[in-house]
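Have a look at the structure below, then the notes.
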Amino acid sequence: MAAQYGAWSFGAQHGFARITRWNLERPPERFRITYRLILREKELHFHIGVYNPSKELSFTFNLLLHTYLKVPDVRRCQITGLHGCTFIDKVRWNLLISCYSIVCTKIFFTLYDKTRDGAIYQEGREVVAVNEWTDRIYQHTPQEHIVTNVVSGRKMRIHKYNFPDTVIWNPWVDKAREITDFGDDEFPNMLCVEAGHVSSPVILLPGTAFEASQIMQIIIEGNVSRKTKRNR
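Residue numbers are given in numbering that gives the first Met the number 0: position 9 of the sequence shown equals residue 8, and the series is strictly consecutive.
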């Protein structure tokens, strides 16, 4: 997904790369994107690069890896590494817009304006769980997150490089019904923990490149235990 995260005025939501067929033909070189995947027994590596071949012009873009995790029950999952991080709550933003459109009062107008201008909150939970419609952009997150109860109840390590943000998303009941390519009863069995550069754009100067990567790894508890035992 490139060019934009979320809604924008120049086209489809989340930009054009995710809904455009990619060809190997050589287009006019306004920019170049490379995307490489490496699949191993317990790991999946993602590497993406964006290059600006221009000698004069800079351009800006957002980037987000839409990683949908299949889970037995999203309500039993926990995500580490977000405690103390600031975040933008897009659910609250949408709810306040809805309230404002129905009841135009001073209090709703004030809340709507503050949220629209990018009100920032701080995560106080040691681990984050999802029990309702969730759409949050966590900012300046650490390089590693652990997600519990994925893939037969195991843990998954997500290690990212040059992605300063982490998006947590689940549409829950009502929003799942509004998405045409999403089953009404699929929300309990999925969780998005997405590495990205979305709260601020990447500014790519002429002749420069941006690179970012992510590794998703299933944690084998037995291997961790044996390693710990040897260290003792």
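Here a beta-carbon is modelled for each residue, glycine too, at the ideal position from N, C-alpha and C.
Spanning the alpha carbons of isoleucine 217 and tyrosine 67 requires a straight line of approximately 15 Å.
With contacts defined by Cβ atoms closer than 9 Å, alanine 211 and asparagine 169 do not form a contacting pair. If one requires a minimum length of 4 residues, the alpha helix (DSSP H) runs lying completely within the stretch 154 to 209 are 171 to 177, in chain order.
Taking one beta carbon from each stretch, the stretch 27 to 41 and the stretch 122 to 136 have fewer than 3 pairs nearer than 8 Å; the two do not touch. The beta carbon of aspartate 164 lies closer than 7 Å to those of Ile136, Tyr137, Gln138, Thr140, Gly195, His196, Val197 and Ser198 in the same chain, with the five residues before and after it left out. With respect to glutamine 213, phenylalanine 60 sits apart: the two C-beta atoms are not nearer than 9 Å.
Here the alpha carbon of tyrosine 50 sits roughly 11 Å from the alpha carbon of isoleucine 202. DSSP places threonine 33 inside the beta strand (DSSP E), whose first and last residues are 31 to 38.
Here the stretch 75 to 82 lies against the stretch 143 to 159, with 3 or more beta-carbon pairs under 8 Å apart. A buried status is given to threonine 133, since no fewer than 16 other beta-carbon atoms sit within 10 Å of its beta-carbon.
Between cysteine 191 and alanine 118, the alpha-carbon positions lie close to 22 Å from each other.
By the neighbour-count definition (other C-beta atoms within 10 Å, threshold 16), lysine 154 is a buried residue.
Less than 9 Å separates the beta-carbon of glycine 80 from that of glutamate 143. Isoleucine 47 and leucine 63 do not touch by the CB rule: their CB atoms are close to 10 Å apart, not below 8 Å. Note on geometry: alpha-carbon atoms of phenylalanine 58 and threonine 207 lie some 11 Å from one another.
Between glutamate 131 and tryptophan 171 the beta-carbon gap is near 6 Å, inside 8 Å, which marks them as a contact. Straight across, the Cα-Cα distance linking lysine 174 with alanine 128 is about 18 Å. Assigned with DSSP and collapsed to three states, arginine 20 falls in coil, not helix or strand. The C-beta distance from proline 52 to glycine 152 rounds to 47 Å, too long to meet the 8 Å contact threshold. Annotated three-state conformation of glutamate 131 is coil, per DSSP.
With respect to methionine 215, isoleucine 157 sits close: the two C-beta atoms are nearer than 9 Å.
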